[in-house]
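**Q** Sharing a structure with you now.
Below, the structure is given as structure tokens:
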């Protein structure tokens, strides 16, 4: 067996492995370990195991008496811990030395993919995404199926040759009916606000984020270059997406993959909506509900966007907003991230149930979020638990408030 | 047998092992990518990192670097916010050891360099050359006490209350035992010295507020205080040197790597973020 290839890690990440104090703060805050209780899931334990693998090959003992390759069983246990994670990044927030855990876990996944110790289901995901260009395996031409039952399809939906903004819908809102309302609301809001936008239709390919977090980032290059090329062709100045994972892929991963600036801005839909509201370009009606907000991990902790969603909520007349006990950087993950759904659905359900419990503690009637995957995950938990609370995306809430505004004018 | 000769031979060897261990660890880190690239030799990566470090040191960011090193690397405000008792334990042990190390360094410089070589005999050197000076006696006792308090909290949490988030492994116990041995042997050596020299001690020796009362109580015992002091001091010094040599190969290393990582991560987080700098509002 060849020696471990440490080029999956950066110099800093290898240093971070040695910097871990095993203080256990990350363990206390880890949502998956709190639910599952299996030691390999502990963030600090993943670091300890990787350190021991490195030591078995590069440690003093290994250099004096020869390296040993860790047995398959050790890799399997380790793999379970590394893939049994939502990549929520809360461990980074509470780490006394602020180890950048999320990129570290992804580097570990890339390493495991190279070693062949990863869940087989990701091979299927890779094949599906690279051949169908979406995560569901549906024909990619059907990407606009969500627009089918709109009363009037806004001009930008069917695509334009040139537009100021490209609205990148994302795979989940395109192919999962539970969250069709997100792109439906977004395009109607943009139309009302007279935003010059276009969607990419079947030319939109999966952003590749699910493969990046699976440790299969190398398979994303083709997807990234295709997507960037079609957006450039439209001459858009800005790309807007309602999916925090797509947002993160476009904002952070694509410039790295392409090795150059994209040449246009990347915005999350909450930033655009907050802007439109602040400029008075949308008219909001009453929305008299008690609302709490769930910070999606990829939008909050990973991308630093905490305030625009809150500005939107507070701008809607009639809304009473209440924060959950853990919010912003400390927000509890809903369980929908890190491709965990493909590895351990039960764990995802348990995490979502805990999240719903925390939201219900506020007394809110509506849990609002800004992520299609979070909405799907939490809605499923609400249905499973038969709780009397609604889960809505912010775009949906804004459009509903706009419709009510229009109705009140007509009345 | 010259105990100082034994100490210095051992200490120099320990320092060589420590430096070799650091180089060894660095060689592992250098297998990782630097600046997203892996098409560089280890030497080129090291040169790149050195340039980046020097560029920060000799820039307007040096203030931010020092602040991050002290605040994030040593004080750990995140841990303070999360868990006060754990922070207190860590601060006592880490801070106490750093404090004692600085005091020892001042004493060494005064006794072995400034006074004999440069013939500098001023207030600073006279304080740190005299173990029974008010400040030296008091500060050394205080440092030792702080470390002991920290270790007691650690041991109570880990072995008695078991209020832990992770299971205890050998590496966790090892570090506690080693530190306890260093502190205990240091105190015992000091008690033996005070017992031996009790009649000639200046009044300021009472500022050794822990060792002095113990020495006062035990000095009449028929024990070879001089020999005991020499052996205990030798053990204390040799064991401390051995632990220094062991740092790069043990959990002790987190004190170095963790401080650097905390500093680097703070400085990086203060850089204008990729996420925000490109987002502008109001151009739709």
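Protein chains in written order, with the numbering used here: chain V, 6 to 416; chain Y, 24 to 307. Each residue gets a CB set at the ideal place from its N, CA and C atoms; glycine is no exception.
Starting from the C-beta of residue 229 of chain V, find all residues in its chain whose C-beta is less than 7 Å away, skip the five residues before and the five after it, and write them out in chain order.
**A** As a working note, residue 229 of chain V is residue 224 in the first chain. Counting only Cβ-Cβ distances below 7 Å, and skipping sequence neighbours, we find 213, 259, 262, 263.
**Q** Check residue 299 of chain Y in the structure and name its three-state DSSP category.
**A** Your numbering for residue 299 of chain Y matches position 276 in the second chain. Low confidence applies to residue 299 of chain Y: its pLDDT is 38, below 50, so where it sits in the model is not reliable, and the reading given next is rough at best. Helix.
**Q** Report the rounded CA-to-CA distance for residue 396 of chain V versus residue 366 of chain V, giving the unit in angstroms.
**A** Against the first chain, residue 396 of chain V aligns to sequence position 391. Against the first chain, residue 366 of chain V aligns to sequence position 361. Distance between the alpha carbons of residue 396 of chain V and residue 366 of chain V is about 15 Å.
**Q** Residue 14 of chain V: which of V:109, V:133, V:363 sits nearest, CA to CA?
**A** Your numbering for residue 14 of chain V matches position 9 in the first chain. Among V:109, V:133, V:363, the Cα nearest to that of residue 14 of chain V belongs to V:109.
**Q** Among the candidates Y:133, Y:80, Y:198, whose CA atom is the shortest distance from the CA of residue 174 of chain Y?
**A** Here residue 174 of chain Y refers to the residue found at position 151 when the second chain is read from its first residue. Out of Y:133, Y:80, Y:198, Y:198 has the C-alpha closest to the C-alpha of residue 174 of chain Y.
**Q** Between the segment 118-125 of chain V and the segment 143-151 of chain V, do three or more beta carbon pairs fall short of 8 Å?
**A** Counting Cβ pairs under 8 Å, fewer than three are found: no touch.
**Q** Tell me the DSSP bridge mates of residue 414 of chain V?
**A** Counted from its first residue, the first chain places residue 414 of chain V at position 409. For residue 414 of chain V, which the question treats as bridged, DSSP gives no partner whatsoever.
**Q** Expressed to the nearest angstrom, what Euclidean distance is found between the alpha-carbon atoms of residue 130 of chain V and residue 207 of chain V?
**A** As a working note, residue 130 of chain V is residue 125 in the first chain. As a working note, residue 207 of chain V is residue 202 in the first chain. Taking the straight line from one Cα to the other gives about 19 Å.
**Q** If we ignore side chains and look at the alpha-carbon of each, how far apart do residue 142 of chain Y and residue 126 of chain Y end up?
**A** By one-based count along the second chain, residue 142 of chain Y stands at place 119. By one-based count along the second chain, residue 126 of chain Y stands at place 103. Computed Cα separation, rounded: 20 Å.
**Q** Which word fits residue 73 of chain Y, buried or exposed, when buried means at least 16 other C-beta atoms lie within 10 angstroms of its C-beta?
**A** As a position in the second chain, residue 73 of chain Y is number 50, starting the count at 1. The residue is exposed, with fewer than 16 neighbouring Cβ atoms inside 10 Å.
**Q** Of the choices V:51, V:50, V:79, V:89, whose alpha-carbon is the least far from that of residue 350 of chain V?
**A** Position 345 of the first chain, counted from the first residue, corresponds to residue 350 of chain V. Residue V:89 is the option with its Cα nearest to residue 350 of chain V.
**Q** Taking the straight line between their C-alpha atoms, what separation do you get for residue 103 of chain Y and residue 27 of chain V?
**A** Here residue 103 of chain Y refers to the residue found at position 80 when the second chain is read from its first residue. Here residue 27 of chain V refers to the residue found at position 22 when the first chain is read from its first residue. About 16 Å.
**Q** Which residues of the segment 51-84 of chain Y have a Cβ closer than 8 Å to any Cβ of chain V? Give them in chain order.
**A** Against chain V - using a Cβ distance shorter than 8 Å - the residues of the segment 51-84 of chain Y are 51, 52, 53, 54, 55, 56, 57, 59, 61, 68, 72.
**Q** Under 8 Å Cβ-Cβ, which residues of chain V neighbour residue 99 of chain Y?
**A** As a position in the second chain, residue 99 of chain Y is number 76, starting the count at 1. Correct list: 101, 102.
**Q** Using a Cβ-Cβ cut-off of 8 Å (strictly less than) and excluding sequence neighbours within five positions of residue 338 of chain V, which residues of its own chain qualify?
**A** What you label residue 338 of chain V is simply residue 333 of the first chain in a count that begins at 1. Counting only Cβ-Cβ distances below 8 Å, and skipping sequence neighbours, we find 36, 91, 93, 95, 302, 356, 360.
**Q** Suppose the cutoff is 6 Å on Cβ atoms and the five residues either side in sequence are ignored; what does the same chain contact list for residue 92 of chain Y look like?
**A** Within the second chain, residue 92 of chain Y is the residue found at index 69, counting from 1. Excluding residues within five positions, the ones whose Cβ falls inside 6 Å are 286.
**Q** Kindly indicate which residue of V:238, V:197, V:382 has the alpha-carbon position closest to the one of residue 209 of chain V.
**A** Numbered from 1 along the first chain, position 204 holds the residue referred to as residue 209 of chain V. That would be V:238, whose Cα lies nearest to the Cα of residue 209 of chain V.
**Q** When we look at the beta-carbon of residue 182 of chain Y and count the other beta-carbons within 10 Å, is it buried (16 or more) or exposed?
**A** The residue labelled residue 182 of chain Y in the question sits at position 159 within the second chain. Residue 182 of chain Y comes out exposed.
**Q** Is the Cβ-Cβ distance between residue 286 of chain V and residue 198 of chain V less than 8 Å?
**A** Within the first chain, the letter at position 281 stands for residue 286 of chain V. Within the first chain, the letter at position 193 stands for residue 198 of chain V. In this structure, residue 198 of chain V lies closer than 8 Å to residue 286 of chain V by Cβ.
**Q** So, using beta-carbon positions, are residue 21 of chain V and residue 105 of chain V closer together than 8 Å?
**A** Locating residue 21 of chain V in the first chain gives position 16, where the first residue counts as 1. Locating residue 105 of chain V in the first chain gives position 100, where the first residue counts as 1. For residue 21 of chain V and residue 105 of chain V, yes; Cβs fall inside 8 Å.
**Q** If contact is defined by three or more beta carbon pairs under 8 Å, each pair taking one atom from either stretch, is the segment 319-326 of chain V in contact with the segment 28-44 of chain Y?
**A** No, the segment 28-44 of chain Y does not touch the segment 319-326 of chain V.
**Q** Does chain Y have any CB closer than 8 Å to the CB of residue 161 of chain V?
**A** Within the first chain, residue 161 of chain V is the residue found at index 156, counting from 1. Chain Y contact via Cβ: absent.
**Q** Give a yes or no on whether the minimum CB-CB distance between residue 281 of chain Y and chain V is below 8 Å.
**A** One-based indexing of the second chain puts residue 281 of chain Y at position 258. Cβ-Cβ to chain V under 8 Å: yes for residue 281 of chain Y.
**Q** Going by CA-CA distance only, name the one from Y:52, Y:97, Y:81, Y:36 that's closest to residue 63 of chain V.
**A** Start at 1 with the first residue of the first chain, and residue 63 of chain V comes out as number 58. The option with the nearest alpha carbon to residue 63 of chain V is Y:52.
**Q** Could you give the residue range of the beta strand (DSSP E) that holds residue 430 of chain V?
**A** Nothing about residue 430 of chain V can be read from this structure; chain V reaches only from 6 to 416.
**Q** Which residues, taken in chain order from the segment 34-52 of chain Y, show a beta carbon closer than 9 Å to some beta carbon of chain V?
**A** Listed in sequence order: 44, 47, 48, 50, 51, 52.
**Q** Just by C-beta distance, which residues in the segment 200-228 of chain Y are closer than 7 Å to chain V?
**A** Within the segment 200-228 of chain Y, no residue has a Cβ that lies closer than 7 Å to any Cβ of chain V.
**Q** Leaving out the 5 sequence neighbours to the left and right, which residues in its chain are closer than 7 Å to residue 162 of chain V when beta-carbon positions are compared?
**A** Taking the first residue of the first chain as position 1, residue 162 of chain V is located at position 157. Contacts found: 149, 152, 192, 204.
**Q** Looking at residue 284 of chain Y: is its Cβ nearer than 8 Å to the Cβ of residue 24 of chain V?
**A** Taking the second chain and counting its residues from 1, the one referred to as residue 284 of chain Y is at position 261. Taking the first chain and counting its residues from 1, the one referred to as residue 24 of chain V is at position 19. Their beta carbons are under 8 Å apart, which means residue 284 of chain Y touches residue 24 of chain V by this criterion.
**Q** By alpha-carbon positions, which one of Y:161, Y:62, Y:194, Y:168 ends up nearest to residue 56 of chain V?
**A** Locating residue 56 of chain V in the first chain gives position 51, counting from the first residue. It is Y:194 whose Cα lies nearest to the Cα of residue 56 of chain V.
**Q** Output, in chain order, the set of chain V residues within a Cβ distance shorter than 7 Å of residue 287 of chain Y.
**A** Translated into positions along the second chain, residue 287 of chain Y becomes position 264. What residue 287 of chain Y touches in chain V: 17.
**Q** Let me check understanding here. Comparing Cα to Cα, which of Y:152, Y:80, Y:215 lies closest to residue 130 of chain Y?
**A** Counting from 1 along the second chain, the entry for residue 130 of chain Y is found at position 107. Among Y:152, Y:80, Y:215, the Cα nearest to that of residue 130 of chain Y is on Y:152.
**Q** Which two residues bound the contiguous alpha helix (DSSP H) that contains residue 19 of chain V?
**A** Here the question's residue 19 of chain V lines up with position 14 in the first chain. Element bounds for residue 19 of chain V: 16-24.
**Q** Since residue 239 of chain Y meets chain V, which of its residues come closer than 7 Å, beta carbon to beta carbon?
**A** Looking up residue 239 of chain Y in the second chain gives position 216. Under the 7 Å cutoff, chain V gives no residues; its nearest Cβ is about 40 Å from residue 239 of chain Y.
**Q** Which residues share a DSSP beta bridge with residue 42 of chain Y?
**A** Residue 42 of chain Y sits at position 19 when you count from the first residue of the second chain. The partner list for residue 42 of chain Y (beta bridge, DSSP) is empty, contrary to what the question assumes.
**Q** Put residue 243 of chain Y into one of helix, strand or coil per three-state DSSP.
**A** Counted from its first residue, the second chain places residue 243 of chain Y at position 220. Of the three classes helix, strand and coil, the one that applies to residue 243 of chain Y here is coil, per DSSP.
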